[in-house]
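To start, the structure under review is shown below, and the notes come after it.
In the working numbering, the protein residues as written are 79 to 314.
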């Protein structure tokens, strides 16, 4: 596979994990809408709000491997049982529902993109966000990733995700530093010493959160690719 390497300016970032924090408050969303939100949408909207607060407009790249699969599964169960399906449940089950709610809540008509790419969803979302930003730096680009494990109904899932959410705002004018992203084949990473130069993590979200929080390199590897992230402080 061809190697990919890019560096993106990080102004703000926010991370939530079910293993380390209680369910966040989504009080900035009006009550009528908030009542209909799933836990996945709540955490996604919260980290997005934390990063975009103060910005009039942001383009969004929303990423999730499973999306609202639990809601979709409930809809399928209702159909199987010959029960009526809620129109609200259906409208909120699509992958880009959360980005739409966020835009409505902020009265922001900026474009939004939704991405799902298996276990490598977050890595490719970073690439999409970078491509959009480098093509047009303004308004800033907000990457939002949110996921949760699939229902046990679907059986074992390879490289399964953990419940959590991550948001990163790309904005060179307010950048705290640069996130360096590298995608290469596993053989190339070993030759370059990447396997021993950075900590390995079970999911991409854990690796990137570690890199942003500790400012230390992190790695996630699949059967056919090696993803590495490094932080560089902003030059004085």
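By construction, the Cβ of each residue, glycine as well, lies at the ideal position given by its N, Cα and C atoms.
- Residue 96 and residue 242 have their C-alpha atoms roughly 6 Å apart.
- According to DSSP, residue pairing for residue 308 in a beta bridge involves 258.
- 291 is the residue among 110, 291 and 280 whose C-alpha sits nearest the C-alpha of residue 90.
- The shortest C-alpha to C-alpha distance from residue 214 to any of 200, 249 and 181 is the one to 249.
- The region 137-148 makes contact with the region 192-201: 3 or more CB pairs, one atom from each, lie closer than 8 Å.
- For the pair residue 171 and residue 146, the CB atoms are nearer than the 7 Å cut-off.
- Rounded to whole angstroms, the Cβ separation of residue 299 and residue 264 is 6 Å, and the two are in contact under 8 Å.
- Where residue 107 is concerned, there is no enclosing alpha helix (DSSP H), because DSSP gives it neither an H nor an E.
- Only buried fits residue 176, as 16 or more other CB atoms lie within 10 angstroms of its CB.
- As a beta-bridge residue in DSSP terms, residue 225 pairs with 242.
- Taking the Cα positions, residue 183 is about 12 Å away from residue 124.
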